[in-house]
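Undergrad: Below: one structure in C-alpha cells.
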Amino acid sequence: MRPWSAVLTTATNDIASALFRHLAGQGWRLSSPTALSGGRSNHVWQSGDIVVKLYRPSRENPLFANDPVRERQSLQALSGTGIVPRYLSHGRWRGQDWLMYRHLAGAPWRQDTAHVARLLGILHDQTAFDGLPAGANGSQALAAQTRTILASCAPSGLDLSPLRPQGVVPPTRQTGLIHGDPVPGNLVEYDGTLALIDWQCPQRGDPAEDLALFLSPAMQLLYRGRPLGREEEAQFAAAYPDRRVVARYFALKPWFHWRMAAYCMWRNDTEALDLEVSALQSIRPSTA
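My numbering numbers the first residue of the sequence shown as 43 and each following residue consecutively.
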C-alpha cells in the first residue's frame, strides 16, 4: 500500500474525519490518518501502525467478493501464523462495516515467485474455518462461472464463447482454505517474509485457484506492470510444495485463462484481455 494524497477527494476526507471521531468515541484515538491505495473496493487509512478499512458498497463483482465478515474471520482464524496482519477490532458505522488491524511495515511483492509459491503452500495447509463458500471446482464449474461472467458483460465486438476449452477436468476432493485473490498487490514483503492482505473473498476451494490467480498475466499486469516470464512461472511451479496441486493447475490452465479473459472483458480492460486470450491461444490453438 502507498499514500495516494494526489487523488484524495473532499468526500474521502469528510468520511475519514467522521469515522475517526466515531472510533475515538470507542477508545481508538488515532491521529493523522493517511489514505492508502491498497484495495480497489474500499476506503483504507493508516494511522501509525494501525490500518482502518471501511467497506463501501460497490457493484457486484462476478469473481472477487467484498465480504467484511470473511475478512475478519480470516484474520482471526490465521492469527499467529505470520501470514496475515494482526486483527484488532471491527464494527459498523453509518450502515457500513469497518475493520482495524496492525499495519505490516513492508512493500508490495515485486520479485521471487518461489517465495510466493512457498507462502501459498503454507496457506493451503491451514484449516478452513466454518462458513466459507465453496469455490469453483473442476472444469465444468469454471466454465459455468465463465458463462455467467460473459452474460453480464456489455456488448462488444469480441466473442469469447468459441474459445471455450475442450475436455473435462473433474472436481478435486482436495479442497481447503484459499485466499481467492493472491495478486501482487495483496502480497506484502516484511521482515524478510511474506504475508497476504485483503481477505475479502476466501473460499473453501481448489488450491489450484490461488496458483492461477497469482500467475494470471492480467493480474500481474494490473498490479506489477508486466506479466511473469516463463522462467518466473517455472520457478513458482517448482517451489510450490504439493505436486498434485501443480498438476491440477496445468490441467485447468485453459479454463482459468478463459475465465480471466471474461473477467477482463467485464472490466473493459482490453490490454489485460488480450494477454489472457493470447495465453489461452498458446495452450489450445486448435480451439482459438
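Note that beta-carbon positions come from the ideal geometry of N, C-alpha and C, so glycine has one too.
From a predicted model like this one, the values you see are computed outputs, not experimental measurements.
Excluding the 5 residues flanking Ile57 on each side, which residues of the same chain have their C-beta closer than 8 Å to its C-beta?
TA: For Ile57, where only same-chain residues beyond five positions count, the Cβ hits under 8 Å are His85, Leu96.
Undergrad: So Val319 is in the beta strand (DSSP E); what residue range does that whole segment cover?
TA: No beta strand (DSSP E) contains Val319, which is instead part of the alpha helix (DSSP H) from 312-325.
Undergrad: Based on the DSSP secondary-structure assignment, which residues constitute the bridge partners of Lys95?
TA: Val86, Leu141
Undergrad: In terms of residues, what are the limits of the alpha helix (DSSP H) holding Ala260?
TA: 259-266
Undergrad: For Ala170, name the three-state secondary structure that DSSP assigns.
TA: coil
Undergrad: Looking at Asn108 and Gln242, is the spacing between their C-beta atoms short of 7 Å?
TA: Taking a C-beta distance under 7 Å as the contact criterion, Gln242 and Asn108 qualify as a contact pair.
Undergrad: Among residues of its own chain, excluding the 5 on either side of His132, which ones have a beta-carbon nearer than 8 Å to its beta-carbon?
TA: Pro110, Arg114, Asp139, Trp140, Leu141, Met142
Undergrad: Output the distance between the C-alpha atoms of Pro224 and Met307, rounded to the nearest integer angstrom.
TA: 20 Å
Undergrad: Quick check on this structure: which residue in Gly247, Thr235, Gly222, Phe278 has the alpha carbon closest to the alpha carbon of Arg215?
TA: Considering only alpha carbons, the answer is Gly247.
Undergrad: Does the structure place the stretch 159-174 close enough to the stretch 248-264 that three or more beta carbon pairs sit under 8 Å?
TA: yes
Undergrad: Would you call the CB atoms of Arg144 and Arg128 closer than 7 Å?
TA: Contact flag set, yes.
Undergrad: For Ser203 and Val126, what's the separation of their Cα atoms in angstroms?
TA: 38 Å
Undergrad: Ala48: buried (16+ other C-beta within 10 angstroms of its C-beta) or exposed?
TA: Note on Ala48: pLDDT 38, under 50, position unreliable in the model; the coordinate value appears next. Exposed, because fewer than 16 other Cβ atoms sit within 10 Å of the Cβ of Ala48.
Undergrad: On the three-pair Cβ rule with 8 Å, is the stretch 150-160 touching the stretch 226-243?
TA: yes
Undergrad: Considering only residues of the stretch 178-239, which uninterrupted alpha helix (DSSP H) runs meet the minimum length of 4 residues and lie entirely inside it, listed in chain order?
TA: 181-193
Undergrad: Let's test the definition: count the other Cβ atoms within 10 Å of the Cβ of Ala193 and tell me whether it reaches 16, buried, or not, exposed.
TA: exposed
Undergrad: If you pair each beta-carbon of the stretch 316-323 with each one of the stretch 287-305, do three or more pairs fall below 8 Å?
TA: yes
Undergrad: Quickly, what does DSSP pair Arg134 with across the bridge? List them, please.
TA: Asp139
Undergrad: List the residues that DSSP assigns as beta-bridge partners of Thr76.
TA: Gln88
Undergrad: When you compare each of Lys295, Tyr291, Leu238, Glu313 to Trp151 by their alpha carbons, which one comes out closest?
TA: Residue Leu238 is the option with its Cα nearest to Trp151.
Undergrad: Going straight from the alpha carbon of Asp240 to that of Thr188, what length do you get?
TA: 23 Å
Undergrad: Where Arg44 and Leu174 are concerned, what is the direct C-alpha to C-alpha distance, given to the nearest angstrom?
TA: Low confidence applies here, because Arg44 scores a pLDDT of 37, under 50, leaving its location unreliable; read the following figure in that light. Rounded to the nearest angstrom, the two C-alpha atoms are 30 Å apart.
Undergrad: Measuring alpha carbon to alpha carbon, tell me which residue in Leu61, Leu78, Gln118 is nearest Gly14.
TA: Outside the displayed span of the chain (43 to 330) sits residue 14, for which this structure offers no information.
Undergrad: Are Ser100 and Ser83 close, meaning C-beta to C-beta below 7 Å?
TA: Going by C-beta atoms, Ser100 is nearer than 7 Å to Ser83.
Undergrad: For Ile220 and His166, which I take to be in contact (beta-carbon distance under 8 Å), what is that distance rounded to the nearest angstrom?
TA: So it is a contact: roughly 7 Å between Cβ atoms.
Undergrad: If Tyr265 sits next to Gly218, beta carbons under 8 Å apart, how far is it from one beta carbon to the other, in whole angstroms?
TA: The pair is not a contact, with the Cβ atoms about 25 Å apart (cut-off 8 Å).
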